[in-house]
Amino acid sequence: MKDLVLKEDLEFILDKVFKEGKFNRSTVLVTGATGLVGSLIVKSMLYANQILNAQITVLASVRNLEKATDTFADFSNESLIFVTDSLLSPLYFDQAIDFIVHTASITASKEMVENPTGVLLTAFESTKNLLEYVKAHPSCKMLYISSMEYYGQVTDDYTNVTEDKLGYVDLSKPRSCYPESKRVCEALCNAYVVQYNLNVCSARLAQTFGAGVPFSDNRVFAQFAKSALNKTDIILHTMGQSEGNYCYTADAVYGIFVLLQKGEKGQSYNVARNHSTILNMAKMVADKISNNQIKVEVHIPENLGSLGYAPDVKLKLNSDKLKALGWQPEMDLENMFKRMIRSWELQE
39 MKDLVLKEDL EFILDKVFKE GKFNRSTVLV TGATGLVGSL IVKSMLYANQ
89 ILNAQITVLA SVRNLEKATD TFADFSNESL IFVTDSLLSP LYFDQAIDFI
139 VHTASITASK EMVENPTGVL LTAFESTKNL LEYVKAHPSC KMLYISSMEY
189 YGQVTDDYTN VTEDKLGYVD LSKPRSCYPE SKRVCEALCN AYVVQYNLNV
239 CSARLAQTFG AGVPFSDNRV FAQFAKSALN KTDIILHTMG QSEGNYCYTA
289 DAVYGIFVLL QKGEKGQSYN VARNHSTILN MAKMVADKIS NNQIKVEVHI
339 PENLGSLGYA PDVKLKLNSD KLKALGWQPE MDLENMFKRM IRSWELQE
């Protein structure tokens, strides 16, 4: 494994999650398995098999088999089964599944603006079909991966947003399809819990990044990191007043496994450690990651509304509910950037 930063993260997850053997000999389905979070979930289980002989059978739901094979090329495929069946049809598996982690969703801002029906319907139908599987196999536990965008624009006590809060989403904007898809899927999960007594809960992830983010990623944190690497100034297309909540990849995956083990049915949990405005994050990257070799500039384009940016959000997530289950995230924002950049450099 060339990426030693990723290997350190896998060791961290191994120590936090798998050392006690609580997932040994289980079968786990991960949807969106080539995505950032999904792939690290899969890699962490394959690593536990390799180091601890955990004997976890991993079903990785993927759309692109070639990409999936490449993503997991560093790991033995003895216990890895690729599932290419569409999640938009009823699901059948040869193996009895113990746990499902549903990470698959459409997350590209451009897609949200140009294909809002696809974003909403894909989220709803895939979640419904997975819940129908759990309904038919009630010993299976499912974790739905939601998002901090669930909250919309919170105005009441936005500096301490617990899971019972709910903010405003402008339904006239096409991009609202994404936060609304998270809300309706959580509601669907809870409807199945109440009506059929299923063991399903939800994780509202903050923006998650770190080792494992591909260099081709074009989200704001990746753009900032590339600016630091290339010694080019950071250009903001908004005033940067939106507040982001962030979690390191390995901390997020660690939290996901805590919820698979201890999350209560019908409950949702924030998964966040760090908080910053976009502007302050840009300044931190310019100051500390580039060692003051670049600066931050603001250029607002005339066609801002067509670019798919989320409206300004004031939001600070409270993750005490997950921490009460034993979750102890470790990585601050500066080190999230440093580890992601170091991971890129090791893969060159």
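Here my numbering runs 38 ahead of the position in the sequence shown, where the first position is 1. Positions of the beta carbon are idealized from the N, C-alpha and C atoms, including for glycine.
- Under DSSP, H313 shares a beta bridge with N283.
- Under the three-state reduction of DSSP output, R221 falls in the helix class.
- Of the residues assessed, E218 falls on the buried side of the cut-off, its CB having 16 or more other CB atoms within 10 angstroms.
- Residue burial is scored here from C-beta neighbours: G301 has at least 16 other C-beta atoms within 10 angstroms and is therefore classed as buried.
- Across the structure, E170 and R257 are spaced so that their CA atoms are roughly 33 Å apart.
- Apart from the 5 residues on each side of it in sequence, Q385 sits with its Cβ closer than 8 Å to the Cβ of K40, D41 and F253 in its chain, given in chain order.
- Sorting I119, V139 and E201 by C-alpha distance to the C-alpha of D132 places I119 at the top.
- Annotation for E335: no alpha helix (DSSP H) segment contains it, though the beta strand (DSSP E) segment containing it runs V334 to V336.
- Excluding five sequence positions before and after S381, the CB atoms of its chain that fall closer than 8 Å to its own CB belong to D41, V43, L44, G248, A249, G250 and V251, given in chain order.
- Excluding residues up to 5 positions away in sequence, T72 lie with their Cβ nearer than 8 Å to the Cβ of N102 in the same chain.
- At the C-beta level, T246 and L74 come within 8 Å of one another.
- The shortest C-alpha to C-alpha distance from L159 to any of E335, T200, E49 and K220 is the one to K220.
- A distance of 8 Å or more separates the beta carbons of L97 and V55.
- For secondary structure counted as the alpha helix (DSSP H) over 4 or more consecutive residues, the region 86-145 holds these complete runs in sequence order: 103-109.
- Under the three-pair Cβ rule at 8 Å, the region 177-185 counts as touching the region 225-243.
- Under DSSP, the beta-bridge partners assigned to T69 are S99 and H140.
- K333 and I379 have their alpha carbons spaced roughly 18 Å apart.
- Distance from Y189 to K203 at the Cβ level is roughly 6 Å; contact confirmed, criterion being Cβ atoms closer than 8 Å.
- When S82, E104 and K105 are compared, the shortest CA-CA separation from I94 is found for S82.
- Distance from the CA of I144 to the CA of A288, rounded to the nearest whole angstrom, comes to 22 Å.
- At least 8 Å separates the beta-carbon of L125 from that of A86.
- Apart from the 5 residues on each side of it in sequence, I273 sits with its Cβ closer than 6 Å to the Cβ of E335 and H337 in its chain, given in chain order.
- With fewer than 16 other CB atoms across the displayed protein chains lying within 10 angstroms of its CB, E58 is exposed.
- The distance from the Cβ of N356 to that of G304 is about 19 Å, inconsistent with a contact at the 8 Å cut-off.
- Of the candidates V291, L209, H140 and L267, L267 places its Cα closest to the Cα of E383.
- By the CB criterion at 8 Å, S328 and E201 fall outside the cutoff.
- Non-local C-beta neighbours of A92 in its own chain, meaning closer than 8 Å and more than five positions away in sequence, comprise F56, G59, F61, N62, R63, M83 and A86, ordered along the chain.
- Per the C-alpha coordinates, the member of K179, N283 and V222 positioned closest to N235 is K179.
- Taking all protein chains in view, the Cβ of M374 is crowded by 16 or more other Cβ atoms within 10 Å, so the residue is classified as buried.
- For T109, the closest alpha carbon among the candidates L363, S214, M150 and G70 is that of G70.
- L298 sits away from F162, with the two beta carbons spaced by 8 Å or more.
- In the same chain as Y292, and ignoring 5 residues on each side of it, the C-beta atoms closer than 8 Å to its own belong to F50, I51, K54, V55, W365 and P367, in chain order.
- Between A324 and N330, the C-beta spacing is below 8 Å.
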